[in-house]
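Data block below; observations after.
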Amino acid sequence: MNHADDGSRGVGAQYFHAECRWWSGPKFLWEPEHRWPNAPVEDLQEDDNEIRKSPTVMFVSSASQIDVLLQRYSSWSRLIKVMSWLLRFVQRSRKKVPAYLKAGTLQLVEIQQTSQEIVRLVQRQHFHEEYLCLKEGRQVKCNSKLANLSPILIDDVICVGRRIHRAPIAFKAAHPMVLPKSHHVSMLIVRYYHYVLGHAGREHVLSVIRQSFWILRGRSIVRQILSKCVSCRRRNAPTLQQVMADLPKERLVPYQPPFTYTSLDFFGPFYVKRSRSTVKVYGCIFICFNSRAIHIEDVSSLETDTFIQALLRFVSVRGCPKEIWSDNGTNFTGIQKELGLLFQDMSDERIKKVTSILNSRPICSSSDDPNDMELLTPNYLLLQRRNFFVPPGIFAKEDVYSRKQWRHAQFIGNCFWSRWVREYVPPLQHRHKWLLNRRNLAVNDLVLVVDNTLPRFRWLVGRVTKVFPGEDERVRTAEVKTKTSRLARPVTKLFLLKEAT
Ligand SMILES: [Zn+2]
Numbered sequence: 001m002n003h004a005d006d007g008s009r010g011v012g013a014q015y016f017h018a019e020c021r022w023w024s025g026p027k028f029l030w031e032p033e034h035r036w037p038n039a040p041v042e043d044l045q046e047d048d049n050e051i052r053k054s055p056t057v058m059f060v061s062s063a064s065q066i067d068v069l070l071q072r073y074s075s076w077s078r079l080i081k082v083m084s085w086l087l088r089f090v091q092r093s094r095k096k097v098p099a100y101l102k103a104g105t106l107q108l109v110e111i112q113q114t115s116q117e118i119v120r121l122v123q124r125q126h127f128h129e130e131y132l133c134l135k136e137g138r139q140v141k142c143n144s145k146l147a148n149l150s151p152i153l154i155d156d157v158i159c160v161g162r163r164i165h166r167a168p169i170a171f172k173a174a175h176p177m178v179l180p181k182s183h184h185v186s187m188l189i190v191r192y193y194h195y196v197l198g199h200a201g202r203e204h205v206l207s208v209i210r211q212s213f214w215i216l217r218g219r220s221i222v223r224q225i226l227s228k229c230v231s232c233r234r235r236n237a238p239t240l241q242q243v244m245a246d247l248p249k250e251r252l253v254p255y256q257p258p259f260t261y262t263s264l265d266f267f268g269p270f271y272v273k274r275s276r277s278t279v280k281v282y283g284c285i286f287i288c289f290n291s292r293a294i295h296i297e298d299v300s301s302l303e304t305d306t307f308i309q310a311l312l313r314f315v316s317v318r319g320c321p322k323e324i325w326s327d328n329g330t331n332f333t334g335i336q337k338e339l340g341l342l343f344q345d346m347s348d349e350r351i352k353k354v355t356s357i358l359n360s361r362p363i364c365s366s367s368d369d370p371n372d373m374e375l376l377t378p379n380y381l382l383l384q385r386r387n388f389f390v391p392p393g394i395f396a397k398e399d400v401y402s403r404k405q406w407r408h409a410q411f412i413g414n415c416f417w418s419r420w421v422r423e424y425v426p427p428l429q430h431r432h433k434w435l436l437n438r439r440n441l442a443v444n445d446l447v448l449v450v451d452n453t454l455p456r457f458r459w460l461v462g463r464v465t466k467v468f469p470g471e472d473e474r475v476r477t478a479e480v481k482t483k484t485s486r487l488a489r490p491v492t493k494l495f496l497l498k499e500a501t
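Residues in the sequence shown are numbered from 1 upward in steps of one, following full-length UniProt numbering.
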């Protein structure tokens, strides 16, 4: 019937002559449309030979009540207790009752039996085929998950085989009961032993569990559960990280006087001797965004008045900055450490010395080539000394050594900025830490707030109430509510204890 069949169902080559219907198609197609045959399409019968029969597989699973009970508890010890009482009830309803079942409290032997019974129930679900093999006295199949354990049946429970039965260890430890990896009961057992062992590490927990139970791929499940343990996270977790932010445009503006864009912070306090008494002083540090030059003023307190005085002193020496940035003070703790020793005997001379030392730090990496120019340091810009490079040929000699000081200063300044653009800016391209995009902190995450003045176990736990994503949608700061206050903290000062669900 179907003309296309001629090509696919195989006919002799002589059949394909010029008038063959396969070339021309059905005859009615050559006629006008109104003369085409109009055969009604009938509904197909269910027993039609053309209908492909596809089998439908229905699978009905009903979890037993015991299974529901196993899933119901989140603690192994509690589950054992409940099941023990249940089993006692069942046994007491029988005629012969052992004496220990009449005691008012649960006995050790009952608890051991219950744990065995629970394992047996789990094994019936997960290793049913293996159980049947062993029951009939055969070995388990080679492709079974248990094949490499040479399993045996002890008291109707699948246990690890005889490989180390000669070892001088308890019989139970030589033949631990086998449990599947992804079962609620296995998880409860790992959690229980981890807790009982005082939040011990992975290998310790695993070795103790293996005295009684052999959980398949146990190492990975122990690692998984330990990584979620809030107490362990609280003690061990590293602080959060986020990929390093892009530099603000203010750090990349050349040809500006030093301290045009300045950041500001306090450090200290330091106890210093003045005359016969000891006084408390703080340092107020101003850092130029572009040249990384610093200026330090000492202040006697953190009050507004003393700060304004320090700011005025700074402005009188360095000029008025265009912008001052402050971040509530955690940026310069490294400098604080460095300065701590020097500030033991604080005096104006000392401050000037410290400032000078820090301003002579190179702001870009050094080179091994002796022909290279001296390293760029903030002092070149601040002092505009001429004891360094004088590139010949750019300026006429009379300009360089001219008596017109402004031309000279201009030249030195230009040298600084051209080297700054060439040597200092390109390395900023590299992010030397925090290279990867991490999960953004989210509202309702449970975090631990780092406080370097307190031991770790006294750090406050808080909940994230607000996040502040940057231009690249990465969260680097979050508002955290602790039991005492609300704080805005950088993510590097927070530990994630539990993600919001
Ligand atoms: Zn733990």
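The C-beta atom is built at its ideal place from N, Cα and C for all residues, glycine as well.
Legend entry - Within 5 Å of ligand 1: residues by beta-carbon to any heavy atom: The answer, residue by residue, is 199, 229, 231, 232.
Legend entry - Residue environment, residue 9, which counts as buried when at least 16 other CB atoms sit within 10 Å: Along the sequence shown, read from residue 1 onward, the residue named residue 9 stands at position 9. Residue 9 should be labelled exposed.
Inset, instruction - Determine which residues share a DSSP beta bridge with residue 466 and list them. - result: By 1-based counting over the sequence shown, the position of residue 466 is 466. Beta-bridge pairing by DSSP links residue 466 to 479.
Inset, instruction - Flag this pair as touching only if the stretch 181-200 and the stretch 211-230 have three or more C-beta atom pairs under 8 Å; answer yes or no. - result: Taking 8 Å as the limit for Cβ pairs, the verdict is that the stretch 211-230 does touch the stretch 181-200.
Inset, instruction - Please name the residue in 11, 211, 192, 220 whose C-alpha comes closest to that of residue 181. - result: Working through the sequence shown from its first residue, we reach residue 181 at position 181. When each option's Cα is compared against that of residue 181, the closest is 220.
Inset, instruction - Tell me residue 286's beta-bridge partners as DSSP assigns them. - result: As a working note, residue 286 is residue 286 in the sequence shown. In DSSP, residue 286 forms a bridge with 264, 295.
Inset, instruction - Please list, in chain order, all residues of the same chain as residue 39 whose beta carbon is under 6 Å from its beta carbon, the five residues on each side excluded. - result: If you number the sequence shown from 1, residue 39 lands on position 39. Here the set comprises nothing.
Inset, instruction - Compare the Cα-Cα distances from residue 173 to each of 213, 156, 250 and report the closest residue. - result: For this step, residue 173 is matched to residue 173 along the sequence shown. Of the listed residues, the one whose Cα sits closest to residue 173 is 213.
Legend entry - 8 Å contact criterion, which residue 478 and residue 494 should meet: CB distance rounded: As a working mapping, residue 478 is identified with position 478 in the sequence shown. As a working mapping, residue 494 is identified with position 494 in the sequence shown. Contact between residue 478 and residue 494 holds: their C-beta atoms lie close to 7 Å from each other, under 8 Å.
Inset, instruction - Tell me, please, which residues DSSP counts as bridged to residue 142. - result: Against the sequence shown, residue 142 aligns to sequence position 142. In the DSSP assignment, no residue is bridged to residue 142.
Legend entry - Check whether residue 110 and residue 88 have beta carbons under 9 Å apart: Taking the first residue of the sequence shown as 1, we reach residue 110 at position 110. Taking the first residue of the sequence shown as 1, we reach residue 88 at position 88. Taking 9 Å as the Cβ cut-off, residue 110 and residue 88 qualify as a contacting pair.
Inset, instruction - Over the uninterrupted beta strand (DSSP E) stretch that includes residue 133, give me the two end residues. - result: As a first step, residue 133 is located in the sequence shown; it is residue number 133 there, counting from the start. For residue 133, there is no enclosing beta strand (DSSP E); the residue is part of the alpha helix (DSSP H) that begins and ends at 128-135.
Inset, instruction - Could you name the residues of the same chain whose beta carbon sits closer than 8 Å to that of residue 468, not counting the 5 residues immediately before and after it, in chain order? - result: In the sequence shown, counting from the first residue as 1, residue 468 sits at position 468. Excluding positions up to five away in sequence, the list reads 475, 476, 477, 478, 479, 488.
Inset, instruction - Can you have a look at residue 415 and say buried or exposed, based on whether 16 or more other CB atoms are within 10 angstroms of its CB? - result: Indexing the sequence shown from 1 puts residue 415 at position 415. The Cβ neighbour count for residue 415, taken over all protein chains shown within 10 Å, is at least 16; the residue is labelled buried.
Inset, instruction - Just the C-alpha distance for residue 3 and residue 32, rounded to the nearest angstrom, thanks. - result: Looking up residue 3 in the sequence shown gives position 3. Looking up residue 32 in the sequence shown gives position 32. Each residue's Cα considered, the two are about 20 Å apart.
Inset, instruction - Compute the distance between the beta-carbons of residue 236 and residue 258, then report whether it is under 9 Å. - result: Counting from one through the sequence shown, the residue named residue 236 turns up at place 236. Counting from one through the sequence shown, the residue named residue 258 turns up at place 258. In this structure, residue 236 lies away from residue 258, with their beta-carbon atoms at least 9 Å apart.
Legend entry - Buried/exposed call for residue 55, threshold 16 Cβ in 10 Å: Along the sequence shown, one-based indexing puts residue 55 at 55. With fewer than 16 Cβ atoms within 10 Å of its Cβ, residue 55 is classed as exposed.
Legend entry - Alpha-carbon spacing of residue 338 relative to residue 267, whole angstroms: Within the sequence shown, residue 338 is the residue found at index 338, counting from 1. Within the sequence shown, residue 267 is the residue found at index 267, counting from 1. Residue placement at residue 338 cannot be trusted, given a pLDDT of 46 that sits under 50; what the coordinates show is reported in the next sentence. The alpha-carbon of residue 338 is positioned some 11 Å away from that of residue 267.
Legend entry - Alpha-carbon spacing of residue 239 relative to residue 496, whole angstroms: Here residue 239 refers to the residue found at position 239 when the sequence shown is read from its first residue. Here residue 496 refers to the residue found at position 496 when the sequence shown is read from its first residue. Residue 239 and residue 496: Cα-Cα distance of roughly 7 Å.
Legend entry - Three-state secondary structure assigned by DSSP to residue 434: Looking up residue 434 in the sequence shown gives position 434. Note: residue 434 maps to coil in three-state DSSP.
Inset, instruction - Give me the Cα-Cα distance between residue 388 and residue 423, rounded to the nearest whole angstrom. - result: As a working note, residue 388 is residue 388 in the sequence shown. As a working note, residue 423 is residue 423 in the sequence shown. Residue placement at residue 388 is flagged as unreliable, the pLDDT there being 40, under the threshold of 50; the coordinate-derived value follows with that caveat. Roughly 16 Å between the two C-alpha positions.
Legend entry - Local conformation of residue 278 per DSSP, three classes: Reading the sequence shown from its first residue, position 278 is the one you call residue 278. In this structure, DSSP gives residue 278 an extended state, which the three-state scheme calls strand.
Legend entry - Proximity to residue 279 [Cα-Cα], best of 288, 5, 269, 112: On the sequence shown, position 279 is the one that residue 279 refers to. If we check each option's Cα against that of residue 279, 269 comes out closest.
Legend entry - 3 or more residues per run - each beta strand (DSSP E) lying fully within the stretch 150-211: Those beta strand (DSSP E) runs which fall completely within the stretch 150-211 and span 3+ residues are 152-154, 157-159, 177-179.
Legend entry - the stretch 196-204 in contact with the stretch 447-454 per 3-pair CB rule at 8 Å: Contact annotation: the stretch 196-204 does not touch the stretch 447-454, with fewer than three C-beta pairs closer than 8 Å.
Legend entry - Reference residue 285; option with closest CA among 299, 304, 265, 277: Residue mapping note: residue 285 aligns to position 285 of the sequence shown, counting from 1. The shortest C-alpha separation from residue 285 is found at 265.
Legend entry - DSSP-derived helix/strand/coil call for residue 322: Your numbering for residue 322 matches position 322 in the sequence shown. Assignment of residue 322 by DSSP, reduced to helix, strand and coil, places it in the coil class.
Legend entry - Sequence-distant residues of the same chain with beta carbon closer than 7 Å to residue 206, five excluded per side: Your numbering for residue 206 matches position 206 in the sequence shown. The answer, listed in chain order, is 218, 219, 222.
Inset, instruction - Using the DSSP secondary-structure output, state which residues sit across from residue 273 in a beta bridge. - result: The residue you call residue 273 lines up with position 273 of the sequence shown. DSSP output for residue 273 lists 278 as bridge partner(s).
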